[in-house]
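These notes are about the structure you will find just below.
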Amino acid sequence: MNAISYKQLRAFAAQYGAVVGLMWIVSFAFYIIGLTRPLVGNVGLIIGLLSVVTAGFLIRKFRGEVFPLRFGQSWWMATLIFMYASLLMAVAQFVYFRYIDNGLLLQTYSTIMQQPEAVAMMQSMMPGEDVAEVSRQVIDLLKSISPIQLTFEFLVYNLMFGFLLAIPTAWIGLSGKSRTTHSQNR
């Protein structure tokens with residue numbers, strides 16, 4: 020891969036990352052809505068899963084129309100796509116947690132942790148512990164995290180998850196027909 024092809028790969032990865040990032044933002048919005056309406060949360064999960072397939076098809080499109088890729092190059096492009104998507108998602112999450120949330124996520128988790136099923140599950144996972152005290156400590160910890168810290172945590176998780184998701188995404192991007200040119204043998 021020469022320098023021009025690498026620049027093209029990065030530029031297309033940024034564009035494709037914006038598409039995947041927008042899918043993640045929509046998925047996150049459905050997740051937040053799904054905290055109070057569970058069926059809507061499932062839609063968010065489906066959109067999140069489809070983002071991986073979408074990234075694979077975008078890599079396949081790049082491979083077929085712009086430049087043929089080997090697996091390592093396809094994996095690198097997928098990694099870049101998820102990196103750019105993670106950055107876009109981090110901006111959206113910061114805006115949400117800083118200006119929109121107003122404690123909804125914390126309140127929902129607090130309510131869930133006080134339900135009898137959750138208490139029974141925590142008691143079975145932590146025998147001999149005071150579940151009410153552990154729940155209070157978890158809620159206090161969540162209250163102490165600032166929006167930027169929470170956003171940074173999600174960014175790190177998204178980057179690590181994207182690094183791993185790049186493998187099946189690259190595989191999806193390599194399936195199908197490739198553009199054959201003389202530069203493919205380099």
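Whatever position you read off the sequence shown (first residue = 1), add 19 for the working numbering.
Glycine included, C-beta positions come from ideal geometry on N, C-alpha and C.
Computed from a predicted structure; not experimentally measured.
Query	Result
Proximity winner among Pro166, Val38, Asn177, relative to Asp120 (alpha-carbon distances)	Pro166
Reduced DSSP secondary structure (H/G/I, E/B, other) of Ile164	coil
Alpha helix (DSSP H) segment containing Tyr128, residue limits	123-133
Rounded straight-line distance, which links the Cα of Arg89 to that of Ala22	16 Å
Proximity below 7 Å, CB of Leu169 to CB of Phe101	no
Beta-carbon proximity of Ala185 to Ala104, cut-off 7 Å	no
Asn177 (DSSP reduced to helix, strand or coil)	helix
Reduced DSSP secondary structure (H/G/I, E/B, other) of Thr188	helix
Same chain only: Cβ atoms within 8 Å of Gly60, ignoring 5 sequence neighbours per side	Phe49, Tyr50, Ile52, Gly53, Leu54
Selection from Phe173, Ser24, Leu68 that minimises the alpha carbon distance to Met108	Phe173
Exposed unless 16 or more other CB atoms sit within 10 angstroms - verdict on Arg56	exposed
Length of the line joining the Cα atoms of Phe76 and Trp190	10 Å
Gln134 versus Met141: straight-line alpha-carbon distance, rounded	11 Å
Span of the alpha helix (DSSP H), counted from its first residue to its last, around Val71	57-84
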